[in-house]
Amino acid sequence: MEDVPAITTFSRREFDESKSPELTLFKYTPNSRGFIFLQLCAALLFIIAFTVYLITRFEPLYWMLPSLGLAGSGIYLIYLALYWSWFARRSGVGFDKSYLYIVRTNSVDRVAWRHLSAEAAGFTETHDNGDHGTLNMAIEGKKVQLKLFNPFVWVDDFPTFLVEMLSQIKSNESPKPSTEEAES
Numbered sequence: 299m300e301d302v303p304a305i306t307t308f309s310r311r312e313f314d315e316s317k318s319p320e321l322t323l324f325k326y327t328p329n330s331r332g333f334i335f336l337q338l339c340a341a342l343l344f345i346i347a348f349t350v351y352l353i354t355r356f357e358p359l360y361w362m363l364p365s366l367g368l369a370g371s372g373i374y375l376i377y378l379a380l381y382w383s384w385f386a387r388r389s390g391v392g393f394d395k396s397y398l399y400i401v402r403t404n405s406v407d408r409v410a411w412r413h414l415s416a417e418a419a420g421f422t423e424t425h426d427n428g429d430h431g432t433l434n435m436a437i438e439g440k441k442v443q444l445k446l447f448n449p450f451v452w453v454d455d456f457p458t459f460l461v462e463m464l465s466q467i468k469s470n471e472s473p474k475p476s477t478e479e480a481e482s
């Protein structure tokens, strides 16, 4: 059996050009209602900031501080909605018979299934917050994050993807019969 590296990183272009027909790819689903809510909150913050200006005309000047804080918060909320919708369009996760693919906006990490264990995949880590399903994989000194879900995006058909990942890990961790046992 050839010795393949545990994790290989390459560009999106290389990935798109060499995609296997056996690749099952899962895109991220954006939380559209959450994005609408963020945009409405941002609009409300902008309206309040403008109202502070209309009422005070920033006289005295310290009235500018709450307006800047409100407007800055609104800009941050819009940034969150734009970033995660862009992430959902450009990213994904997938697998074929030999590899797990973590597709990012500009690069792709290919993880060999045979190097994956529950510990290496990050399943044994404990997290205090349950709203960010991220696996922090660590294989042969290389670290890779796999985002499964968060309040803004989640993997399409998450159960199917998780079953495949856990099946591969289980097959790696199940004891292999030794050659002596196989001969008897």
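Residues in the sequence shown are numbered consecutively from 299, following my numbering.
Don't be surprised by glycine CBs; every beta carbon is placed ideally from N, CA and C.
Predicted model only: the values in this text are computed from it and were never measured.
Inside the region 301-366, DSSP marks whole alpha helix (DSSP H) runs of 4 or more residues at positions 310-315, 330-354, from first to last along the chain. For the pair Leu-444 and Leu-460, the CB atoms are not nearer than the 7 Å cut-off. A distance below 8 Å between beta-carbons, with the five flanking residues on each side excluded, links Phe-356 to the following residues of its chain, in chain order: Met-362, Ser-365. CA-CA distance, Tyr-351 to His-430, rounds to 38 Å. In this structure, the CA atom of Asp-301 is about 46 Å from the CA atom of Ile-376.
In this structure the region 307-324 touches the region 380-397; the number of beta carbon pairs closer than 8 Å is three or more.
For Thr-432, the uninterrupted beta strand (DSSP E) segment begins and ends at 431-437. When only Cα atoms are considered, Ala-386 and Asp-407 end up about 17 Å apart. Fully contained in the region 435-471 are the following alpha helix (DSSP H) runs of length 4 or more, in chain order: 456-471. Leu-359 is classed as exposed because its beta carbon has fewer than 16 other beta carbons within 10 Å across all chains shown.
Residue state for Ala-410 is assigned as strand, using DSSP reduced to three classes. Residues of the same chain with a CB within less than 8 Å of the CB of Ile-437, apart from the 5 flanking positions on each side, are Ala-304, Ile-305, Val-409, His-413, Leu-414, Ala-418 in chain order.
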